[in-house]
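Heads up, the final residue of the sequence shown is numbered 614 in my numbering, and it's a clean run with no missing numbers.
Structure first, commentary second.
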Amino acid sequence: MNNTINNMITTLKELVSYNTVREEAFPNAPFGKTNRECLTRTLDIGKELGFDTFDCEGYAGHIEYKGTGAELVGVLGHLDIVPAGDGWTYPPFACEVHDGYMYGRGVLDDKGPVVACLYAMKKLKDEGFVPTRSIRLIMGCNEENGSTCVERYFKTETMPDVAFSPDGDFPLIHCEKGIVWIGLSIPTNLKFFSSITGGDKTNMVPAKASAIYSGELDTEYFVSKGLIAEKCDTACQCGKAIKVTAVGRSAHGSTPAKGDNAINKLLAVICEIENDQNLNYLYNTFSKDVDGTNAKIKSTDQKSGDLSMNFGTITTDNSTLKISLDVRYPISLTLQSILDIIAENAPLGHTINVLNAQAGLFVDPDSALVKTLMGIYKKHTGSNSPSIAIGGGTYARELKCGVAFGPMFEDEESTIHMPNERLRLDYFEKMFHIYYDAIKELSK
Ligand SMILES: [Zn+2]
């Protein structure tokens, strides 16, 4: 085992040394040259370990362990990363080990798990194991930027019959809500406020929102309402206008209740001053709750839990207000039913469009796939925790019959996408054993 873990560490170090953020596209390198090099090198390592490989024009690739039957087991991971960013104690591409942790961008998300699965396949091969289902370790190169990698891959390559993605959490994620980002524009006729803006991303609770006020009220009035108010400088060409800003707290769009939405705070004050029917509609419909009650889309089911809704962004364009909403809906609901309800209740002259939509994912917790993987997880950890349903989206959504399985253990604090992303080396070994059993059982 010592030898295997050492080889895993060596391979992981090599893969982490490639800064695989998305870069400018080149022929055969759709996500940039470094991504291209990393994929080539990973496939070469697969060849060196005795497997067949396939390169899907630089979008993705796979390492294959041939079985005797026609069916396919998929393991879906990715080689791209989010930018390292600032605030690291140790260099983000050097894989230094301190106190039992290896530090580096991608050690957990998702190069470490990919390496663990590759060496699990190698161990099975060394032991002379003959799988019935062929095993494909599929590696995408832009999971962090929309997953067009696997979209392209599955256009021409076979969808696995069963699969897991080591790019989520243990024990296992069997249900992911549907996600839709809705853009809504409505005409308004505001007398005192202009340049209403807030939020940068639909899938984040906005921490800041502001507007320009021109009227008789003074800055103290807005301060008394909990807003920051400052006299506009001459640069904004509005004379004695006041810039008012609401400050909230950011959170992920899949858990809006954890944040404090600055747009909602700002609109509450603006609505008191303006008497605009359409603005009131926006505020009353989308600002007062995060479960869709006032938007009449509140819904829940046992499989996936409650619908959630986040008021993500707002901008003004002349007399039109444009907003975006991030809605995470239970799998028993259809996207169309949500759009229909919002359109039905929106004021005259509105336009509604879908900015992004991802269907939900549900794999029966009683299915052979879930039961097998949950049994393996329990065997290695002793944990009795049930599989989970989430509002976020994992890579497993790209699969027809797949779940997210690891690599985050239950007692671990996630450092994914943060400075000092780190991998506990004894957990690296543990995940290797879990993935070894998983690949073996699913391919029998
Ligand atoms: Zn990931």
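Idealized CB from N, CA, C, for every residue including glycine.
- DSSP places Glu234 in the strand class (E or B) of the three-state scheme.
- The closest CA to that of Thr181, considering only Gly369, Cys208, Thr367 and Ser537, is found on Cys208.
- Contact check for Leu436 against Ala377 fails: the beta carbons are separated by 8 Å or more.
- DSSP, reduced to helix, strand and coil, places Thr485 within a strand of the structure shown.
- Contact annotation: the segment 242 to 261 touches the segment 301 to 313, with at least three C-beta pairs closer than 8 Å.
- Note on the segment 411 to 479: whole beta strand (DSSP E) runs with a minimum of 3 residues are 412 to 417, in chain order.
- Within the segment 545 to 596, the runs of beta strand (DSSP E) at least 3 residues long that lie entirely inside it are, in chain order, 558 to 560, 572 to 574 and 592 to 594.
- For Asp459, the shortest C-beta to heavy atom distance toward ligand 1 is 7 Å or greater.
- Excluding residues up to 5 positions away in sequence, Ser384, Lys401 and Cys402 lie with their Cβ nearer than 8 Å to the Cβ of Lys410 in the same chain.
- The three-state reading of DSSP puts Tyr273 in strand, counting E and B together.
- Rounded to whole angstroms, the gap between the alpha carbons of Ile398 and Ala416 is 6 Å.
- Excluding five sequence positions before and after Cys345, the CB atoms of its chain that fall closer than 6 Å to its own CB belong to Lys473, Ser474, Phe532 and Ala559, given in chain order.
- Inclusion of Leu288 and Gly216 in the CB contact set at 8 Å is warranted, their separation being smaller than that value.
- For Tyr605, the CB stays at least 7 Å from every heavy atom of ligand 1.
- Tyr235 and Gly369 have their alpha carbons spaced roughly 47 Å apart.
- With a cutoff of 7 Å, Tyr565 counts as near ligand 1, since its C-beta is closer than that to a heavy atom of the ligand.
- With a cutoff of 8 Å on beta-carbon distance, Ile484 and Ala566 are scored as not near each other.
- For Lys614, no alpha helix (DSSP H) run applies, since DSSP gives it neither H nor E.
- Taking 8 Å as the cut-off, the beta carbon of Lys347 is found closer than this to the beta carbon of Gly530.
- Annotation for His520 indicates a beta carbon at 7 Å or more from all heavy atoms of ligand 1.
- A contact between stretches requires three or more CB pairs, one per stretch, nearer than 8 Å, and the segment 501 to 510 fails this requirement with the segment 387 to 398.
- With a minimum length of 3 residues, the unbroken runs of beta strand (DSSP E) contained wholly in the segment 497 to 549 fall at 521 to 528.
- From the listed residues Cys311, His550, Ile433 and Ile501, the smallest Cα separation to Leu495 is found for Ile433.
- By the Cβ test, the segment 517 to 525 is in contact with the segment 347 to 366, since at least three Cβ pairs between them sit closer than 8 Å.
- With a threshold of 16 other beta carbon atoms within 10 Å, Ala538 falls short and is exposed.
- A Cβ closer than 5 Å to some heavy atom of ligand 1 marks a residue here, and those residues are Asp279, Asp280 and Asp337.
- For Val320, the closest alpha carbon among the candidates Ala230, Val375 and Ile175 is that of Ala230.
- In the three-state reduction of the DSSP assignment, Thr389 falls in the helix class.
- Straight-line measurement puts the Cα of Ile512 at about 43 Å from the Cα of Ala608.
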